[in-house]
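Just below is one structure, and these are the notes that go with it.
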């Protein structure tokens, strides 16, 4: 079954880490990707640009409007996600645990449908 | 938790927390002291209990309560202080209290804008604005700021104190702005961030590391401003322009520390992620159809940044953009830059025509003479080109620039010699 690991965090905290700590954080991502790849479970991962680059498209009073900024005004924003082939949710949780904690919070959720992958 | 992460959270929270504390207590020094106090408490508590879900709210909550204690202990309260205290007590509940959070969100944007505006109030001198922004909003140490401006820490401490005293009296009178006033404040703050970036970008002084830090902090401030006012096209332009310029920083300095011209830079060393972010921001800004000087400058930088090789540069587009910039924000330097672009499209003669009216205004501006020299050389007017280079030499070049100018003059004289003989 395909699981997503959605990464939420406050934009602009991780990049303020001292260089070696930031590098260690990236290493955790690289290690997880390599491990998943080796196990044949890796279906891709995405890092998003800062939320200020976002635009929000939606309908308001029957008109499609385009607004600047991310959809949610919350402090924590989606920063990226992983797609992982797992037998159980426990496996997906293990993957989320292997990612840097403290700078971000991970949401693990089963994928319902994909196209184009 | 690693100390690096705690420090990163403090740095992220600083402008947001100071802004909230400034609203409650209307005292810049007090806000800074309270934030400092909250950070010390956090360093102990978070190590034991873990980081709270919303660290910034935690810091504001602890700092505010400490501030209220101080105000309550002070028996000699003036009327204004009592008001400030009661205002703050409304917000002193649990950090996850709904009412406090809602109030925070409603006034949050103007709070941060107020803090930023305070640091670049028109009553402050330009350099005072920059050092105050770096000390108060960014939280750089006095030593770091002293290094950036190449003065001793003692001198910098005096300058900061003077600027703070001035800003301090303003803190008490800055109310929540109306629409027009908010636009004016935004403009002032944008200009300050732009100047801060340029202070780091212009290679004239300070070591490379601290200059780089100034650029990064300016980019963060632009990001913060845009996150608060996401529909501001000029703020998008400001952030895009800063990103385009900063994307080239690694390729801009050679091994000896000298500047490398845009044309000679190794473009594979440009930061493509920054360039892409700049591009989407400028595309977003253009959708508003309200071009401003920062947006147009960013659009020009975008043309340079997206050319794979220097020879691929779309000079016709750059010439058009400079024409647009001249219409919005005319200046002799903009005209000079347009002339450079025009020379690449239609040749040196047309460019020299454009420069004609600038002779007086830019008589002391070295790049003007250097550009003229290059254009004159292209048209074959070698004697006039030598004169222009000599004029450039008279505009206090750095020793590196002087060496270059003298070498050009020698070369042109040698070219000229056979025709004289």
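Chains as they are written, first to last, in the numbering used here: chain A, 10 to 126; chain B, 554 to 974.
Note that the Cβ used here is the ideal one computed from N, Cα and C, for glycine as well.
Taking contact to mean 3 or more Cβ pairs, one atom from each stretch, closer than 8 angstroms, check whether the segment 767 to 787 of chain B and the segment 806 to 816 of chain B are in contact.
The segment 767 to 787 of chain B makes no contact with the segment 806 to 816 of chain B: fewer than 3 CB pairs, one atom from each, lie closer than 8 angstroms.
Beta-carbon of residue 84(A) versus every beta-carbon of chain B: anything under 8 angstroms?
The C-beta of residue 84(A) comes closer than 8 angstroms to at least one C-beta of chain B.
Alpha carbon to alpha carbon, how far is residue 920(B) from residue 74(A)? Give it in angstroms, no decimals.
Those two C-alpha atoms are separated by around 47 angstroms.
The segment 691 to 708 of chain B contacting the segment 810 to 830 of chain B, beta-carbon criterion three pairs below 8 angstroms
Verdict: no, contact absent.
Proximal residues to residue 926(B) (C-beta, below 6 angstroms), its chain only, five neighbours per side dropped:
Taken in chain order, the residues that qualify are 938, 941, 942.
Own chain partners of residue 751(B) with C-beta closer than 8 angstroms, once the 5 adjacent residues on each side are dropped
Annotation for residue 751(B): no residue places its beta carbon closer than 8 angstroms to its own, counting only its chain and skipping 5 residues before and after.
Within its chain, find whatever has a CB closer than 8 angstroms to the CB of residue 781(B); leave out the 5 residues flanking it on each side and keep chain order.
Same-chain partners within the cutoff: 661, 662, 665, 666.
Rounded to whole angstroms, what's the CA-CA distance from residue 616(B) to residue 882(B)? Just pull it up for me.
For residue 616(B) and residue 882(B), the distance between alpha carbons rounds to 44 angstroms.
Do you know how far the Cα of residue 871(B) is from the Cα of residue 956(B)?
Between residue 956(B) and residue 871(B), the C-alpha separation is close to 30 angstroms.
Looking only at DSSP bridge pairs, what is residue 676(B) linked to?
Paired residue(s): none; residue 676(B) is not in a bridge.
Could you confirm whether any beta carbon from chain A is found closer than 8 angstroms to the beta carbon of residue 773(B)?
For residue 773(B), the answer is yes, since a Cβ of chain A falls inside 8 angstroms of its Cβ.
Is there a Cβ from chain B that is less than 8 angstroms from the Cβ of residue 117(A)?
So no, residue 117(A) is outside the interface.
Compare the Cα-Cα distances from residue 879(B) to each of 587(B), 713(B), 569(B), 847(B) and report the closest residue.
That would be 847(B), whose Cα lies nearest to the Cα of residue 879(B).
Thinking C-alpha only, which one of 116(A), 109(A), 87(A) is nearest residue 101(A)?
Of the listed residues, the one whose Cα sits closest to residue 101(A) is 116(A).
Would you verify that the beta carbon of residue 108(A) is, or is not, closer than 8 angstroms to some beta carbon of chain B?
No, its Cβ sits nowhere closer than 8 angstroms to a Cβ of chain B.
Between residue 72(A) and chain B, is the shortest Cβ-Cβ distance under 8 angstroms, so that the two count as touching?
False, the Cβ-Cβ gap to chain B never drops below 8 angstroms.
For residue 621(B), the nearest candidate out of 946(B), 830(B), 587(B) (CA to CA)
If you compare the alpha carbons of 946(B), 830(B), 587(B) with that of residue 621(B), the shortest gap goes to 587(B).
Between the CA atoms of residue 124(A) and residue 739(B) - distance to the nearest angstrom
So the alpha carbons of these two residues sit roughly 44 angstroms apart.
Closer than 7 angstroms to a non-hydrogen atom of the ligand FMN - does that hold for the CB of residue 73(A)?
Only the bare structure without any ligand can be found here, which leaves the ligand FMN out of the picture.
Return the Cβ separation of residue 698(B) and residue 711(B) in integer angstroms, given the expectation that the two are a contact with Cβ distance under 8 angstroms.
Not a contact, Cβ separation roughly 12 angstroms.
Buried or exposed for residue 717(B), please, with buried defined as at least 16 other CB atoms from any protein chain shown within 10 angstroms of its CB.
For residue 717(B), the number of other beta carbons within 10 angstroms of its own is at least 16, and it is reported as buried.
How many angstroms separate the CA atom of residue 918(B) from the CA atom of residue 755(B)?
Here the C-alpha atom of residue 918(B) lies approximately 16 angstroms from the C-alpha atom of residue 755(B).
If you draw a straight line from the alpha carbon of residue 559(B) to that of residue 596(B), how long is it in whole angstroms?
Those two C-alpha atoms are separated by around 7 angstroms.
Go through its chain and collect everything with a Cβ distance to residue 635(B)'s Cβ below 7 angstroms, but skip five positions before and after it.
Because residue 635(B) sits at a pLDDT of 44, beneath the cut-off of 50, its placement in the model cannot be relied upon, and the following sentence gives the value as read from the coordinates. Taken in chain order, the list of residues that qualify is empty.
Rounded to whole angstroms, what's the CA-CA distance from residue 84(A) to residue 569(B)? Just pull it up for me.
Cα-Cα distance, rounded: 12 angstroms.
My understanding is that residue 52(A) touches residue 93(A), with C-beta atoms under 8 angstroms, so please give their C-beta distance in whole angstroms.
In this structure residue 52(A) touches residue 93(A) by the C-beta definition: roughly 6 angstroms separates them, less than 8 angstroms.
Can you pull the chain A neighbours of residue 802(B), defined as C-beta to C-beta under 8 angstroms?
For residue 802(B), no chain A residue has a C-beta closer than 8 angstroms to its own C-beta; the minimum C-beta separation is roughly 16 angstroms.
Note down, in chain order, every chain A residue with its Cβ under 8 angstroms from the Cβ of residue 779(B).
Under a criterion of Cβ atoms nearer than 8 angstroms, the residues of chain A adjacent to residue 779(B) are, in order, 61.
Neighbour list for residue 18(A) in chain B, Cβ cutoff strictly below 7 angstroms:
Simply none; closest approach about 11 angstroms.
At which residues does the alpha helix (DSSP H) containing residue 762(B) begin and terminate?
Residues 761 to 781.
Apart from the five residues on each side of it in sequence, which residues of its chain come closer than 7 angstroms, Cβ to Cβ, to residue 819(B)?
Cβ within range, chain order: 804.
According to DSSP, residue 812(B) sits in a beta bridge with which residue or residues?
Its beta-bridge partners are 806(B).
Can you tell me which residues form a DSSP beta bridge with residue 875(B)?
Its beta-bridge partners do not exist; DSSP assigns none.
Could you name the residues of the segment 26 to 46 of chain A whose beta carbon sits closer than 7 angstroms to any beta carbon of chain B, in the order they occur along the chain?
Cβ contacts with chain B: 26, 27, 30.
Apply the 10 Å Cβ neighbour rule to residue 98(A) and answer buried if 16 or more other Cβ atoms are within range, or exposed otherwise.
Exposed is the call here.
At the 8 angstroms Cβ level, is residue 557(B) part of the contact set with chain A, yes or no?
With 8 angstroms as the cut-off, residue 557(B) counts as an interface residue toward chain A.
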